[in-house]
Each structure stands twice: as C-alpha cells, then as structure tokens.
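*Asks:* In the numbering used here, the protein residues as written are 5 to 394.
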Amino acid sequence: MKKHFIVLCSLFCLLLSPAAFVEAAWQPELLVSLGTAGTTLRLSGNVPVVLKRLDNKKVVWQGKAKEFATLTFTDKGWELNGRKLKKADAAALELTVEDERNLSKLVSTYDNKSYRGALRLLPRKGSLQLINRVTAEEYLQGVVPEEMPAEWNPEAVKAQAVAARTYALRQRKRHAKEGFDVCATTHCQQYGGVAVERAAASRAVKETSGEVLESHGALVDALFHTDSGGMTENSEDVWGSRIDCLRAAKEVRTETYPWEKNITVEKFSELLAKRGKNIGTLKKIELSPIKIGKASKDRTVSGRVKQVTFVGKNGKASITGNDLRSMLGLKSTLFGMTMNRNVLFIKGYGWGHGLGMSQHGAKAYADSEHYDYKQILQHYYRGAELKKLY
Ligand SMILES: [Zn+2]
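#1: Please state whether DSSP places asparagine 266 in a helix, a strand or coil.
#2: Starting from valine 148, follow the alpha helix (DSSP H) in both directions and report where the run begins and ends.
#3: Under 7 Å: does the beta carbon of valine 198 sit that close to some heavy atom of ligand 1?
#4: State buried or exposed for tryptophan 82, treating a residue as buried only when at least 16 other CB atoms are found within 10 Å of its CB.
#5: If you draw a straight line from the C-alpha of leucine 315 to the C-alpha of tyrosine 119, how long is it?
#6: In this structure, does DSSP put isoleucine 294 in helix, strand or coil?
#7: Which whole-angstrom value describes the C-beta separation of leucine 250 and leucine 359, a residue pair presumed to lie in contact below a C-beta threshold of 8 Å?
#8: Alpha carbon to alpha carbon, how far is tryptophan 65 from alanine 92?
#9: Look at the Cβ atom of glycine 333, then the Cβ atom of lysine 310, and state whether they are nearer than 8 Å.
#10: Measuring CA to CA, which of Asn344, Ser336, Met343 is closest to glycine 352?
#11: Identify which residue in Leu348, Gly214, Lys278, Asp376 has its Cα closest to the Cα of lysine 288.
#12: Measure the alpha-carbon distance for leucine 393 versus valine 216 and round it to whole angstroms.
#13: From aspartate 225 to glutamate 211, what distance separates their C-alpha atoms?
#14: Name the residue from Asn60, Ala41, Gly49 whose alpha carbon lies nearest to the alpha carbon of threonine 76.
#15: From the DSSP output, read off the bridge partner residues of lysine 127.
#16: May I ask you to report which of helix, strand or coil DSSP gives valine 309?
#17: Measuring only the C-alpha atoms, how far is leucine 126 from alanine 95?
#18: Determine the burial state of aspartate 79: buried for a count of at least 16 other Cβ atoms within 10 Å of its Cβ, exposed for fewer.
#19: In terms of residue numbering, what span does the beta strand (DSSP E) encompassing glutamate 33 cover?
#20: Taking DSSP as the reference, what is the three-state secondary structure of threonine 170?
#21: For proline 22, collect the residues of the same chain with a Cβ closer than 8 Å to its Cβ; drop the 5 residues on either side in sequence, then sort them by chain order.
#22: Using alpha carbons as the reference points, say which of Lys181, Lys56, Met361 lies closest to alanine 253.
#23: Considering only DSSP beta bridges, list what glutamine 382 is partnered with.
#24: Are alanine 140 and leucine 173 close, meaning C-beta to C-beta below 8 Å?
#25: Does any heavy atom of ligand 1 sit closer than 7 Å to the C-beta of valine 147?
Here it is as structure tokens:
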C-alpha cells in the first residue's frame, strides 16, 4: 500500500513539474572506446561546444557550432591552434555541450569522423585515447546497421535493435578497468558512429526506444549470431551452463547458409599432433550424420557436433565440436565430416555460435511468417519479458 502511495505521489509530482515536459527523457549513457589517435586532432561540434577538464570540469575553451579547433598534445601540455591551452596542462579533456540535457543532440567530429555525444581525449604515451560518451539510443544508431542490413524487414531490424540494446546495457561494465564501458569492435558490438547510420535502422531504434529483454528482473544475455543453419542451440551445449532464455529454437527453414571446407589428412594430423594427440595416420572418422531437431550421442538437439572421434594407426582422439571449430576456423559446429583418400571434407550450415537470435532466421520469420519483432524476440529468447526501461 505504502509503495503504491509513493509511486502515485511521484507520478503526481512528475505531472506537475514543468521540467518533465521540456527535458529529454532520461536514458543511460555509455562510454565507448574509439581506440587511439595521433597527438594532433581537428575537433568540432554541430552545436556550440565546450572543452572541459575531465577532473575538475573547468571549461578551457568554448567553440561555436561547426567551429574547428586544432588541438595538440605536447610534452608541455595542450595547445589549441598553436597556443598553449591555459589551465589544461596534461589533464584529460572532454568536448561536450554546456548543458548536459542536450548531450543527445551533439555530434562531435574529430579528423572527419563523427560520433553522437561527447568526446573524451586522454593523453597516453605518444597518442591520445578517445572515448565517446554517448546516450544509449544515439549509440544504437551507430550499432544496429553494423549488425544487420538496414534494408531487411523492419520487424527483424527492430528485434535486432532490442537485442543490441539489451546486450549493450548488460555489457556496460565490461571494460570498467580500462576506464570505459564497451569497445567499438565485435568484442563488444561493432560501432561505427554517424558514418554508418541508416534511416531505416535509426527508425527501428526509435520505434523500440528503451525496450529491453528481462528475465527475473535482470537483463537477458541477448546473444545473437548470423545464421543458425536450422535450429538455435541450448546454452548448456555451448557453455555447459543452462540459461533459461537461451533455449534451442526451430527455424522456418533448415540447412541454411551452407559452407564447405577441405583439409588434407596430413595437415589435419599435424594439427592433432600439435595438440598432443599423435594418433598416426588417420584411418576413420566417427561422427553420426546431421539430424536437426534430434540429439544423438555425438550431436546436440540442433544437430551441432558435440564431439568427433578420430581413429588413427596408433590410437584414438576425441575432439569437441567447439575445439574443431576454432582449430579449423569453421563457420559453425553444425557440420558433417568425411574422408576420401588423403582429404577431409567438411560440409556444414549456419554461421556463429548458434545462441540466442539468428539474424537470418529473424528475417525469415518476419518475411514468410509475418512475425512482428515481439514474436521474433519471444521465439529466440524464450520466456524473456520485453520491458520499457526508459
Ligand atoms: Zn569489448
């Protein structure tokens, strides 16, 4: 009862407060590492900007919209357009807006590369580390088109936007020790800033604004991959631990995204020997045929390889599907393996770990089954709740 009373009061205050109408809705910020740059940068903002010390927030320079400044870091400290920047010394700096409520409207540019939000410059030995401080929705505009073609079915792109948002917010402290939240590469999520933005992807971000996937009150590990090949995977079959929302899910079509790889028996034997499995000349491969949807002793329910046994002249070696995938650089663990004379033929389907949403699968559900993004997400993240976080 008391809780309801407080909620009602806050709601009432919010309705009364004129600020609630003018301020942009709250949303989380992310610190995204853009890597390093040389010690001289040409900087500007699309709106009036300030350059502040990161430690004491003192403004060291103010710039008009689109006014360029050449900033150099030398062993004597910062220089702006060739003149020493007073009160800056060797401090880390941030190019931002004077009024933080306008952060989502700022586009910062350095050396012709543009990113929404503020830009932090951290002096390092012989270089500058660049960190983009950006609101979550503006960040996603530079992520979604990198992860899925923007021209795909809008419902699939919306599902991608929700998955990417959930993933980013869950990964938020991943690089905390290095002074930022996420990196801009596939290690976290590929982020290309304004240059990669596409209207259709930005629309998908906007139409799902603030929506995330939750389970038991926590953000879901919203993994995704290119193509499952026919069925996604149970988490325990990849990691060994069960996660409720990452369950094997069927696809519209099976045996999608076919690929092949061949390797000579000699080369393969060398790779085995390197791993301490010296079995001599390979004579036989023990692996059952692919059956999508039916588990066997050496395959998971999705048909992915659990393990393959190689029988050689001097002994046997069993290797897991995941180990074979990294050892041979395979696109997935959904494959068959045969031997003909001195060549191993590997034929497989799909691309990626198979956990969570298959991007090609999401497109197929949107195109041929007319699933909306909520149905797509429910299919790939079973039991997850779609929640508007802000
Ligand atoms: Zn990372």
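Glycine included, C-beta positions come from ideal geometry on N, C-alpha and C.
*Replies:* The short version:
#1: strand
#2: 148 to 151
#3: no
#4: buried
#5: In the sequence as displayed, the identity of residue 315 is valine instead of leucine. Rounded to whole angstroms, valine 315 to tyrosine 119 spans 55 Å at the Cα level.
#6: coil
#7: 5 Å
#8: 10 Å
#9: no
#10: Ser336
#11: Leu348
#12: 7 Å
#13: 22 Å
#14: Ala41
#15: One point to set straight first is that residue 127 is proline, not lysine, in the sequence displayed. Answer is Leu132, bridged to proline 127.
#16: strand
#17: 8 Å
#18: exposed
#19: 33 to 41
#20: helix
#21: Residue placement at proline 22 is flagged as unreliable, the pLDDT there being 40, under the threshold of 50; a coordinate-derived value is accordingly withheld.
#22: Met361
#23: Paired residues: none, contrary to the question.
#24: yes
#25: no
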